[in-house]
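Visitor:
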Amino acid sequence: MKRDIYENISPLDARYYKSNKNLMEDLAKYLSENSVIKYQALVEIAMISVMERYGIAPSGAKEEMVSALKKITPEEVYNEEARTRHNIRALVNVFQKYVDNDNVAPFIHLSATSEDITGTAQSLRIKDVTYRVIVPKTLEFMEQIIKIIEKEAGTVQIGRTHGQHAVPITVGYLFSGYLDRLGGRLIRIIEAADNLRGKMSGAVGAYNASSLLFDDPRKFEEDVLEELGLKPGAFSSQIIEPEYMLDYIHAIISAFGVLAQISDDIRHLQRTEIGEMGENFEKNQVGSSTMPHKRNPWNFEHVKSMWKEFMPRVITRYMDQISEHQRDLTNSASNRFIVEIITAFTISVDRLVKQFEKLKIDYENLKANLGKTKWMFLAEPLYILLAKAGEKRAHEIVKQATLKAEKEGKDLFSIVREEEAFKTIVKSKEWKSLESDPSSYIGKAHDRALAILYLWKSRADEIKESCKNYKEAGYEE
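Positions -15 to 461 (my numbering) are the ones given, in order, by the sequence shown.
1) Please classify valine 117: does DSSP put it in a helix, a strand, or coil?
2) At the level of alpha carbons, what is the spacing between valine 400 and leucine 350?
3) Under the DSSP definition of a beta bridge, which residues are partnered with glutamine 148?
4) How big is the Cα-Cα spacing for serine 33 and aspartate 207?
5) Nearest by alpha-carbon distance to valine 155: which of Lys455, Ser195, Glu456, Lys344 is it?
6) Please work out which residues of its chain come closer than 7 angstroms, Cβ to Cβ, to valine 188, disregarding the five sequence neighbours upstream and downstream, and give them in chain order.
7) Relative to the alpha-carbon of leucine 214, which residue among Asp178, Asn453, Thr122, Leu253 has its alpha-carbon at the smallest distance?
8) Roughly how many angstroms separate the alpha carbons of leucine 387 and arginine 172, rounded to a whole number?
9) Quick check: the Cα distance between threonine 68 and leucine 196, rounded to an integer number of angstroms?
10) Evaluate contact between the segment 428 to 448 and the segment 125 to 142, counting only Cβ atoms and requiring at least three cross-stretch pairs below 8 angstroms.
11) Throw me the rounded Cβ distance for the isoleucine 246 and tyrosine 162 pair, which I believe falls under 8 angstroms.
12) Checking 8 angstroms against the spacing of the C-beta atoms, do glutamate 403 and alanine 385 come in under that value?
13) Can you look up glycine 262 in the DSSP assignment and give me helix, strand or coil?
14) Please classify tyrosine 1 as buried or exposed, where buried requires at least 16 neighbouring CB atoms within 10 angstroms.
15) Please return the same chain residues whose Cβ sits closer than 6 angstroms to the Cβ of asparagine 353, not counting the five positions on each side in sequence.
16) Hey, quick one: how far does the alpha helix (DSSP H) through lysine 428 stretch, first residue to last?
17) Taking a contact to mean a Cβ-Cβ separation below 8 angstroms, would you say glutamate 456 touches aspartate 112 in this structure?
18) Please work out which residues of its chain come closer than 6 angstroms, Cβ to Cβ, to glutamate 36, disregarding the five sequence neighbours upstream and downstream, and give them in chain order.
19) Alpha carbon to alpha carbon, how far is isoleucine 101 from glutamine 148?
20) I'd like to know if the segment 230 to 245 and the segment 291 to 311 are in contact, where contact means that at least 3 CB-CB pairs between them fall below 8 angstroms.
21) Would you identify the three-state DSSP class for isoleucine 345, choosing helix, strand or coil?
22) Going by the CB atoms, is the gap between alanine 52 and glutamate 65 shorter than 8 angstroms?
23) Decide if methionine 303 is buried, meaning its Cβ has at least 16 other Cβ atoms within 10 Å, or exposed.
24) Can you tell me which of the three DSSP states glycine 156 falls into?
25) What residue from Leu108, Phe406, Val83 has the CA that sits closest to leucine 26's CA?
26) Quick check: the Cα distance between lysine 499 and valine 83, rounded to an integer number of angstroms?
27) What is the DSSP secondary structure of isoleucine 224, counted as helix, strand or coil?
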């Protein structure tokens, strides 16, 4: 009988599966318990494949293993584990049921320890999901950001520091920062995924058992991992050096932080008193159960909330660096939850893709907010021009002028015209230009937005090509 998803304990397997079935099923190919068994089986097959090439396992052993894999079910392995109280021994026992008992069965798992299989399989499936789901989904989000930059590179917006009006930027420039930060994190994710390692070095990592079979057990390890698209570390104990996976999760979490930054910024820009951009409210959407007028930025808040839940889990990855002597089991349970971090990140990227497709920008509010402080942001160029003219008290003079403008309720232009200290500045072409169009004080925001846009368009194309050429682990049927 099919299980009711609402009986699942984890929200990832109920609430988020229901709201994003296609993405969750894409992730499940690599991160589910079904995938655990599949990838562990692939490692066992790679071992016997290389042993067959070496002339140790009989001819046709790999073919029998591949055929057996088609018959094995996770349920069968789990049932065997209930009997043996050991997950990898259970997998080996089930494999042996479906191959020639006399010729092939003895060579399954020969010289390996459990962590050779589980650790290698973990690296393998995470590398695969990175190239097949995480990277394409993140690129999709970056493409949405690129579209906004292309359209809004010159759209002027007041910049804000400490929650206060600073000097103008452009909407495109704001989003180019998001693009550059997320793109940089994506490259780190790919680098960390490419650097995930496997092992085939036995119980304490010193090739004790495999030395009985091979003249060069290190070469055997390299050949097995090469068949899977992985490399060994220079060293291993019973476990793969944990820093490889730590680097990967750190890259995921730091990218998650960029998502939280983007979400938090737009959440604030949707505030009633700002109203410059935000979620486009759906026809049947409800903002509040009691206040029909509400238009809540709940999707952006949701991404920040997901980040709050999963960001602290990176601490567990740091704790997993410590395993007593050659190994203990204190990282056994915690390692199983790595997939939740990856899933939550990918769900959040997808949510932002959907929101950015329909992001609403209010140009009237952008314009109104720009002039809200009566062009007070021009205090900066005023100070710069005055100091350039040789006035050593320039900063203090401009500060007093802004205080006077605030007190008298005047705009800064009026005060500048009245004050003797500014008589030379008023006549300068720079000030006349700003007086004519205060919104022109954007520095190189427009140019930098486009420069960053073109940079990441090119890099995104390169990353797409690498995804296209990436070969997943597995064996042809």
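Note that the Cβ used here is the ideal one computed from N, Cα and C, for glycine as well.
Guide: A quick look at the data gives this:
1) As a working note, residue 117 is residue 133 in the sequence shown. Valine 117 falls in the helix class under three-state DSSP.
2) If you number the sequence shown from 1, residue 400 lands on position 416. If you number the sequence shown from 1, residue 350 lands on position 366. Counting only the Cα atoms, leucine 350 lies some 25 angstroms from valine 400.
3) Taking the first residue of the sequence shown as position 1, residue 148 is located at position 164. In the DSSP output, where bridge partners are listed per residue, glutamine 148 has Thr145.
4) On the sequence shown, residue 33 is found 49 positions in, with the first residue counted as 1. On the sequence shown, residue 207 is found 223 positions in, with the first residue counted as 1. Between the alpha carbons of serine 33 and aspartate 207 lies a gap of roughly 10 angstroms.
5) Mapped onto the sequence shown, residue 155 falls at position 171. Ranking Lys455, Ser195, Glu456, Lys344 by Cα distance to valine 155 puts Lys344 first.
6) Start at 1 with the first residue of the sequence shown, and residue 188 comes out as number 204. Cβ within range, chain order: Ser221, Gln222, Gln310.
7) Position 230 of the sequence shown, counting from 1, holds the residue named residue 214. From the listed residues Asp178, Asn453, Thr122, Leu253, the smallest Cα separation to leucine 214 is found for Asp178.
8) Along the sequence shown, read from residue 1 onward, the residue named residue 387 stands at position 403. Along the sequence shown, read from residue 1 onward, the residue named residue 172 stands at position 188. For leucine 387 and arginine 172, the distance between alpha carbons rounds to 47 angstroms.
9) For the purposes of this step, residue 68 is identified with residue 84 of the sequence shown, where counting begins at 1. For the purposes of this step, residue 196 is identified with residue 212 of the sequence shown, where counting begins at 1. Straight-line Cα distance between these residues: approximately 27 angstroms.
10) At 8 angstroms Cβ cutoff, the stretches touch.
11) Counted from its first residue, the sequence shown places residue 246 at position 262. Counted from its first residue, the sequence shown places residue 162 at position 178. Right, their Cβ atoms sit about 5 angstroms apart.
12) In the sequence shown, residue 403 corresponds to position 419, counting from 1. In the sequence shown, residue 385 corresponds to position 401, counting from 1. Glutamate 403 places its beta carbon less than 8 angstroms from that of alanine 385.
13) Along the sequence shown, one-based indexing puts residue 262 at 278. Secondary structure of glycine 262 (DSSP, three-state): strand.
14) Position 17 of the sequence shown holds residue 1. Tyrosine 1 comes out buried.
15) For the purposes of this step, residue 353 is taken as residue 369 along the sequence shown, with counting starting at 1. Ile142, listed in sequence order.
16) Position 444 of the sequence shown holds residue 428. First-last for lysine 428: undefined, no H or E at that position.
17) Taking the sequence shown and counting its residues from 1, one reaches residue 456 at position 472. Taking the sequence shown and counting its residues from 1, one reaches residue 112 at position 128. It is a contact, given that the beta carbons lie within the stated cut-off.
18) Numbered from 1 along the sequence shown, position 52 holds the residue referred to as residue 36. Excluding positions up to five away in sequence, the list reads Ala45, Lys46.
19) Residue mapping note: residue 101 aligns to position 117 of the sequence shown, counting from 1. Residue mapping note: residue 148 aligns to position 164 of the sequence shown, counting from 1. Straight-line Cα distance between these residues: approximately 55 angstroms.
20) They touch, by the three-pair rule.
21) Along the sequence shown, read from residue 1 onward, the residue named residue 345 stands at position 361. In this structure, DSSP gives isoleucine 345 an extended state, which the three-state scheme calls strand.
22) Position 81 of the sequence shown, counted from the first residue, corresponds to residue 65. Position 68 of the sequence shown, counted from the first residue, corresponds to residue 52. Cβ distance not < 8 angstroms, so glutamate 65 and alanine 52 don't count as in contact.
23) As a first step, residue 303 is located in the sequence shown; it is residue number 319 there, counting from the start. Methionine 303 should be labelled exposed.
24) Looking up residue 156 in the sequence shown gives position 172. Glycine 156 falls in the helix class under three-state DSSP.
25) As a first step, residue 26 is located in the sequence shown; it is residue number 42 there, counting from the start. Considering only Leu108, Phe406, Val83, the residue with the shortest C-alpha distance to leucine 26 is Leu108.
26) This structure does not reach residue 499, given that the chain is present from -15 up to 461, and the question cannot be answered.
27) Counted from its first residue, the sequence shown places residue 224 at position 240. Annotated three-state conformation of isoleucine 224 is strand, per DSSP.
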